[in-house]
Amino acid sequence: MFQRDLLAGKRVLVTGGGTGIGKSIAHRCLELGAHVAICGRRREVLDATKAEFDADVPGRTAVHACDIREPDQVEAMLDALFAEQPPDMLVNNAAGNFLARSEDLSPRGFDAVTRIVLNGTANVTLGTGRRWIAHGRGGSVVAIVTTYARTGSPYVLPSACAKAGVETMMKSLAVEWGPKGIRCNAVAPGPFPTEGAWERLVPNAGLESAWKKRIPMRRFGEHRELADLVCFLLAPQTGYVNGDTVTIDGGEWLRGAAQFAFAEDLTEEQWAAMAPKKSRG
Ligand code: HXC
Numbered sequence: 013m014f015q016r017d018l019l020a021g022k023r024v025l026v027t028g029g030g031t032g033i034g035k036s037i038a039h040r041c042l043e044l045g046a047h048v049a050i051c052g053r054r055r056e057v058l059d060a061t062k063a064e065f066d067a068d069v070p071g072r073t074a075v076h077a078c079d080i081r082e083p084d085q086v087e088a089m090l091d092a093l094f095a096e097q098p099p100d101m102l103v104n105n106a107a108g109n110f111l112a113r114s115e116d117l118s119p120r121g122f123d124a125v126t127r128i129v130l131n132g133t134a135n136v137t138l139g140t141g142r143r144w145i146a147h148g149r150g151g152s153v154v155a156i157v158t159t160y161a162r163t164g165s166p167y168v169l170p171s172a173c174a175k176a177g178v179e180t181m182m183k184s185l186a187v188e189w190g191p192k193g194i195r196c197n198a199v200a201p202g203p204f205p206t207e208g209a210w211e212r213l214v215p216n217a218g219l220e221s222a223w224k225k226r227i228p229m230r231r232f233g234e235h236r237e238l239a240d241l242v243c244f245l246l247a248p249q250t251g252y253v254n255g256d257t258v259t260i261d262g263g264e265w266l267r268g269a270a271q272f273a274f275a276e277d278l279t280e281e282q283w284a285a286m287a288p289k290k291s292r293g
C-alpha cells in the first residue's frame, strides 16, 4: 500500500505499544522505516515486544515503562526521549475498558478508565506538544478513539465519555497548534480483536458471531488495516489533514443507525409479496 520508506527517519512514540493494536501500529511504523518508542505499564511486556521487533527490524525500538496516568512518569519519559531522540510523531493508543452496567460502577471504576484514556492522553499529548513548541518543531499526533465516542454506548460509559473527550482534545489542539506545525487527528475503529480488550468486552463466542452479523462487511477488522490508516495520517504526505477523525469499522456504526437495516432479515417470500404486481397484457 505504501512506499517502504514512507516513515524513514521519523521517530514515533506509541503509547500502549507493547500489546494489542498499539503493538501492531508500532510494528507497521518500523516496517515503513521509522524508529519507534513504545511505552506501557509493564516492563517485561515491553521487553518481550522489543525482542520480537528487534528480531524483525534490528535496533530501531526503544521502550519506556510508564503509566500514562501519572504526570511525573510521563514527564520523566518525555525528558528522556527529547534528550536523546525527540519524537516527530505521537500515537495515543493506550486505553482501558471493561463491560459493566453503569449503575454498578464505583467511583474508582469510573476513574480507572477515564484516568487512562482522557487524563493519560492529555498528559502525553500536552507534554509532547509543549516540547515540540519549545524546540520550534512541528509534529503529527493520531489518537485512537472509537465510533461510540460519537454515538455514546451503553455498558462502557467511562470509555465512551473519555474517548469523546479525546476526540474533542484532538480537534481543539488541531486548531490551537496548527499554526505551530502540529497536526492532530483521530482514527475511530470498530472491532479489531485483541486479547486484552476481547477478554474484557466479549464474554462469549455467541456474542461475537451476533456482533459480526451487525457489520456490513460481516467481519472484524484486521490490525494491518488499522495500522496502515494510522501511518497514512501520521505521514507528512497527509500534511493538510488536521482535526479530522477517520472511521474504520466496515460500516458498523452507520448500520446501527440506518432505519431500514432490519429489512435484511426479510425472506424472499416477503420481498416477493411486497413487489409490484405485474399487470397483464
Ligand atoms: C466493574 C471494575 C471492573 C469490571 C475493574 N473495575 N474492572 N468494575 N466491572 N469489569 C473497578 C474495580 O473494582 C476498582 O474499583 C477499579 O475499577 C479499579 O480497578 P483496578 O483493577 O485496580 O484498576 P487497574 O489495575 O488500574 O486497571 C485498569 C482497568 C483494566 C481499566 C480496570 O481493565 C486495565 O488495566 N485495562 C487495560 C487494558 C484494556 O482495558 N484494554 C482494552 C482497551 S479497549 P473498586 O471501587 O472496586 O476499588 C478500548 C476500546 C474498545 O478502549 C473498543 C471495542 C470496539
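Going by this note's numbering, the sequence shown opens with residue 13, and the numbers climb by one from there.
For each residue, glycine too, the CB sits at the ideal point set by N, CA and C.
Write down the C-beta distance between residue i and residue j rounded to the nearest angstrom, noting that I regard them as a contact closer than 8 Å.
{"i": "L6", "j": "V154", "result": "In this structure the chain extends from 13 to 293, so residue 6 is not present and cannot be described."}
{"i": "I37", "j": "V242", "result": "5 Å"}
{"i": "T6", "j": "I33", "result": "It is not possible to answer for residue 6, since the shown part of the chain is limited to 13 through 293."}
{"i": "G28", "j": "A107", "result": "7 Å"}
Please confirm whether residue i and residue j have their CB atoms less than 8 Å apart.
{"i": "I80", "j": "W144", "result": "no"}
{"i": "M13", "j": "D256", "result": "no"}
{"i": "L185", "j": "T137", "result": "yes"}
{"i": "P170", "j": "F122", "result": "yes"}
{"i": "L42", "j": "R23", "result": "no"}
{"i": "T163", "j": "K175", "result": "no"}
{"i": "G45", "j": "A67", "result": "no"}
{"i": "L102", "j": "L25", "result": "yes"}
{"i": "P201", "j": "G150", "result": "no"}
{"i": "H235", "j": "F274", "result": "no"}
{"i": "Q15", "j": "H47", "result": "no"}
Please classify residue i as buried or exposed, where buried requires at least 16 other C-beta atoms within 10 Å of its C-beta.
{"i": "M286", "result": "exposed"}
{"i": "K289", "result": "exposed"}
{"i": "F65", "result": "buried"}
{"i": "L130", "result": "buried"}
{"i": "V187", "result": "exposed"}
{"i": "W265", "result": "buried"}
{"i": "R40", "result": "buried"}
{"i": "A172", "result": "buried"}
My output table needs one value for residue i: the three-state DSSP class, helix, strand or coil.
{"i": "G164", "result": "coil"}
{"i": "V103", "result": "strand"}
{"i": "T279", "result": "coil"}
{"i": "C173", "result": "helix"}
{"i": "N131", "result": "helix"}
{"i": "L25", "result": "strand"}
{"i": "P201", "result": "strand"}
{"i": "A112", "result": "coil"}
{"i": "G52", "result": "strand"}
{"i": "I37", "result": "helix"}
{"i": "S221", "result": "helix"}
{"i": "T147", "result": "Going by the sequence as given, residue 147 is His instead of Thr. If DSSP states are grouped into helix, strand and coil, H147 belongs with coil."}
Can you give the Cα-Cα distance for residue i and residue j, rounded to whole angstroms?
{"i": "M89", "j": "H76", "result": "7 Å"}
{"i": "M181", "j": "A134", "result": "8 Å"}
{"i": "R230", "j": "G148", "result": "47 Å"}
{"i": "D59", "j": "G30", "result": "8 Å"}
{"i": "F272", "j": "T279", "result": "15 Å"}
{"i": "A95", "j": "V86", "result": "14 Å"}
{"i": "S152", "j": "Y160", "result": "24 Å"}
{"i": "W215", "j": "N104", "result": "In the sequence on display, residue 215 carries Pro and not Trp. Taking the straight line joining both Cα atoms gives about 26 Å."}
{"i": "D116", "j": "I227", "result": "29 Å"}
{"i": "G132", "j": "F244", "result": "24 Å"}
{"i": "S118", "j": "A124", "result": "10 Å"}
{"i": "T61", "j": "R120", "result": "30 Å"}
{"i": "V168", "j": "L213", "result": "9 Å"}
{"i": "A63", "j": "C78", "result": "18 Å"}
{"i": "E211", "j": "W189", "result": "38 Å"}
{"i": "D17", "j": "D261", "result": "27 Å"}
{"i": "Y252", "j": "G139", "result": "23 Å"}
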